[in-house]
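Engineer: If you scroll down you'll find the structure; I have some questions about it.
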Amino acid sequence: MGKAIVITSGKGGVGKTTTSANIGTALALMGKRVCLMDLDIGLRNLDVVLGLDNRIIYDIVDVAEGRAKLPQALVKDKRFDDKLYLLPAAQNTDKTALEPEQVKEIVDELKPEYDYVLIDCPAGIEQGFMNAVAGADAAIVVTTPEISAVRDADRVVGLLEQHPLTEAPRLLINRIRRNMMQDGSMMDIDEITHHLGIELLGIIFDDDAVITTSNQGEPVVMETENPAGQGYRNVARRLEGETVPLMKIEEQEDTGFWHRVSSWFHRG
Amino acid sequence: MQAAVLRGTQNGYDLVLKQSASLDQILVDLKALLENLKVDPQALAASKVSLDVLTEDRILTADEKARIEQLIAQYPRFEIHKIAANVMTIADAVQLRERENVHLLSKVIRNGQEVAMTGDVLFLGKIHEGGKLRTTGNIFSMGDVAGILQAGYPDDESKLIMGNLQNAQQVRIAEQFEIVEPGQLSDSQQTIAHVNDLHVLTFGKLANLKKINPKLYNQIGGI
């Protein structure tokens, strides 16, 4: 029996969809069977980030209303050899097209088949949020080191505490700029975690490659050297129960031979 | 034994309805009593008699009260001042206890959450920005407050808020409110927010509680 995890934030634009795609891909790379569910109905884009937008035949509303069977609507990601599937959102209806019970039914149908069902939640805390949370066992709250995102995350954590899931929500801090955090002009990781009072699942550094890879329909996690991809892989390992230390904020000083030689010329 | 007895006291007249008698019996006896007094206008000194109706250990329903009121209304010389019993319902008792007790509250009130209490509150938790705690009584805060506190909800200006209010967004007492500006209050656990004689919310120090709210000061054992 798999686990259903909702990825939510309250505020829009903090990276819920990117996070869903990357954690899903990272888990698939680790050999887990993953199904990604896009619940951002009306504004779907998880399919675009994964590069699967041209393969959609049926969507989640078709399944909920009985126009298609669940396996018909699932889109397979061929890169991962039967490990990664996407259940796309509908484009031409709004968020009220689904009821929480319908979502729960679909999640319960998916759970025995997959190790992880990742639910990409829409922004906001209305019906769409309620739908996304309905079938979940756990939650990942995504925030960025900005006060507005942290406030909304606080609101969402409050709502999750009112209707508790099986597991307590965990925090993912996205878009960290190393230089700004180092010179103290950005909210500190400890400060955010302490303020929200929930367990920290991981931190993701801001990186240009996140945008370029997403434009190409290839999650950044597939780039082995990229620090953002490294962050997502660490999160996936932590979800699997491994103990992985947090990545360091300090930028690694290049102390190789050529660096020392060149710094010798720059001296003075 | 009479089921309805009229007693004169220092403050007027008590009409005692015996607990052991049935309501029908009480109504019969009460009618007889009132008829008697009607016949003899000299029996009572006052021209208009105000009655405190005492029901002993019996709580009358609204319907039963109405029957008694109806009967007494037929005799213009008498009027009911109040109907009282020696007992109260458990629901009323619980409410009374709620109102009188100091409640301990130790939770995190997050952005957008509003916790409503009755009575005095000793707050030990955290209020995040955008969170709100309100109560009908006083608030004594030992927690971290970065949100909104409201005491004396909805309209009791005699209540106060005590604790470190430096980081609060707003402090409200009854209908008065104060937006706490950064640097306005000192980083002290001994700040008191209260409403003064001019109905303005102001801040004072715990050391001046005797002046600010003598009633509370006496209640908590100040000399």
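So the protein sequences, as listed, match chains A and B. Quick note: the first sequence, position 266, residue 266 per UniProt numbering, numbers continuous. Quick note: the second sequence, position 22, residue 22 per UniProt numbering, numbers continuous. For each residue, glycine too, the CB sits at the ideal point set by N, CA and C. None of these values were measured; they are calculated from a predicted model.
(1) Looking at K95 of chain A: is its Cβ nearer than 7 Å to the Cβ of Q127 of chain A?
(2) DSSP three-state label for N179 of chain A, please.
(3) Quick one: list the residues of chain A neighbouring N111 of chain B, beta-carbon separation under 7 Å, in chain order.
(4) Could you tell me whether the Cβ atoms of H194 of chain B and I212 of chain B are closer together than 7 Å?
(5) Could you give the DSSP three-state label for E98 of chain B: helix, strand or coil?
(6) Determine whether the Cβ of V108 of chain B lies closer than 7 Å to any Cβ atom of chain A.
(7) Taking C-alpha atoms, which residue in A:N54, A:Q91, A:E250 and A:D120 lies nearest to D183 of chain A?
(8) Looking at V132 of chain A: is its Cβ nearer than 7 Å to the Cβ of V48 of chain A?
(9) Closest Cβ-Cβ distance between H128 of chain B and chain A: below 7 Å?
(10) Considering only the beta carbon of each residue, do V142 of chain A and T19 of chain A sit closer than 7 Å?
(11) Can you name the residues of chain B whose CB is closer than 8 Å to the CB of G197 of chain A?
(12) Along the chain, where does the beta strand (DSSP E) containing I119 of chain A start, and where does it finish?
(13) Would you report the Cα separation of L246 of chain A and P122 of chain A, rounded to the nearest angstrom?
(14) Could you compute how far the alpha carbon of Q25 of chain B sits from the alpha carbon of A3 of chain B?
(15) Nearest-angstrom Cα distance between G268 of chain A and R178 of chain A?
(16) In the DSSP assignment, find the alpha helix (DSSP H) that holds D82 of chain A and state where it starts and stops.
(17) Can you tell me which residues form a DSSP beta bridge with H194 of chain B?
(18) Any idea if S186 of chain B is buried or exposed, counting beta-carbon neighbours within 10 angstroms, 16 or more meaning buried?
(19) From the DSSP output, in three-state form, read off A138 of chain A for me.
(20) Check for me: the alpha helix (DSSP H) holding S186 of chain B runs from which residue to which?
(21) Using CA atoms only, rank isn't needed, just tell me which of B:S158, B:D197, B:L37 and B:Q113 is closest to Y217 of chain B.
(22) Among all the DSSP beta bridges, which residues are the ones paired with K76 of chain A?
(23) Go ahead and pull the three-state DSSP assignment for G15 of chain A.
(24) Contact defined as beta carbons within less than 8 Å: I believe V14 of chain A pairs with R110 of chain B. What is the distance between those atoms, to the nearest angstrom?
Structural biologist: Let me lay it out:
(1) Here residue 95 of chain A corresponds to residue number 95 of the first sequence, with the count starting at 1. Here residue 127 of chain A corresponds to residue number 127 of the first sequence, with the count starting at 1. A contact, by the Cβ cut-off of 7 Å.
(2) Counting from 1 along the first sequence, the entry for residue 179 of chain A is found at position 179. Correct three-state label for N179 of chain A: helix.
(3) In the second sequence, the residue the question calls residue 111 of chain B occupies position 111. Per Cβ cutoff of 7 Å: R151, D154, R155 and G158.
(4) Along the second sequence, one-based indexing puts residue 194 of chain B at 194. Along the second sequence, one-based indexing puts residue 212 of chain B at 212. For H194 of chain B and I212 of chain B, yes; Cβs fall inside 7 Å.
(5) Residue numbering aside, residue 98 of chain B sits at position 98 when the second sequence is read from its first letter. Three-state result, E98 of chain B: helix.
(6) Working through the second sequence from its first residue, we reach residue 108 of chain B at position 108. Closer than 7 Å: yes.
(7) Position 183 of the first sequence holds residue 183 of chain A. D183 of chain A has its Cα closest to that of A:E250, out of A:N54, A:Q91, A:E250 and A:D120.
(8) Position 132 of the first sequence holds residue 132 of chain A. Position 48 of the first sequence holds residue 48 of chain A. Note on identity: in this sequence residue 132 of chain A is Ala, with Val being the wrong assignment. Result no, Cβ atoms of A132 of chain A and V48 of chain A do not sit closer than 7 Å.
(9) Sequence index remark: in the second sequence, residue 128 of chain B carries index 128 (1-based). Cβ-Cβ to chain A under 7 Å: yes for H128 of chain B.
(10) Taking the first sequence and counting its residues from 1, the one referred to as residue 142 of chain A is at position 142. Taking the first sequence and counting its residues from 1, the one referred to as residue 19 of chain A is at position 19. Going by C-beta atoms, V142 of chain A is nearer than 7 Å to T19 of chain A.
(11) Taking the first sequence and counting its residues from 1, the one referred to as residue 197 of chain A is at position 197. Correct list: V108 and K126.
(12) By 1-based counting over the first sequence, the position of residue 119 of chain A is 119. Start and end: Y116 to D120.
(13) In the first sequence, counting from the first residue as 1, residue 246 of chain A sits at position 246. In the first sequence, counting from the first residue as 1, residue 122 of chain A sits at position 122. Between L246 of chain A and P122 of chain A, the C-alpha separation is close to 28 Å.
(14) Reading the second sequence from its first residue, position 25 is the one you call residue 25 of chain B. Reading the second sequence from its first residue, position 3 is the one you call residue 3 of chain B. Distance between the alpha carbons of Q25 of chain B and A3 of chain B: 7 Å.
(15) Within the first sequence, numbered from 1, the residue matching residue 268 of chain A stands at position 268. Within the first sequence, numbered from 1, the residue matching residue 178 of chain A stands at position 178. Below a pLDDT of 50, predicted positions are generally treated as unreliable, and G268 of chain A, at 49, falls in that range; no measurement from the model is reported.
(16) Looking up residue 82 of chain A in the first sequence gives position 82. Run containing D82 of chain A: none; DSSP gives neither H nor E here.
(17) Working through the second sequence from its first residue, we reach residue 194 of chain B at position 194. H194 of chain B is bridged to B:T202.
(18) Here the question's residue 186 of chain B lines up with position 186 in the second sequence. That one is exposed.
(19) Translated into the one-based positions of the first sequence, residue 138 of chain A becomes position 138. Strand at A138 of chain A.
(20) Start at 1 with the first residue of the second sequence, and residue 186 of chain B comes out as number 186. Where S186 of chain B is concerned, there is no enclosing alpha helix (DSSP H), given that its DSSP letter is neither H nor E.
(21) As a position in the second sequence, residue 217 of chain B is number 217, starting the count at 1. Comparing Cα positions, the closest option is B:S158.
(22) The count along the first sequence starts at 1 and reaches residue 76 of chain A at position 76. A:Y85.
(23) Here residue 15 of chain A refers to the residue found at position 15 of the first sequence. In the structure shown, G15 of chain A sits in coil (DSSP, three-state: anything other than H, G, I, E or B).
(24) The residue you call residue 14 of chain A lines up with position 14 of the first sequence. The residue you call residue 110 of chain B lines up with position 110 of the second sequence. Wrong, their Cβ atoms sit about 18 Å apart, outside the cutoff.
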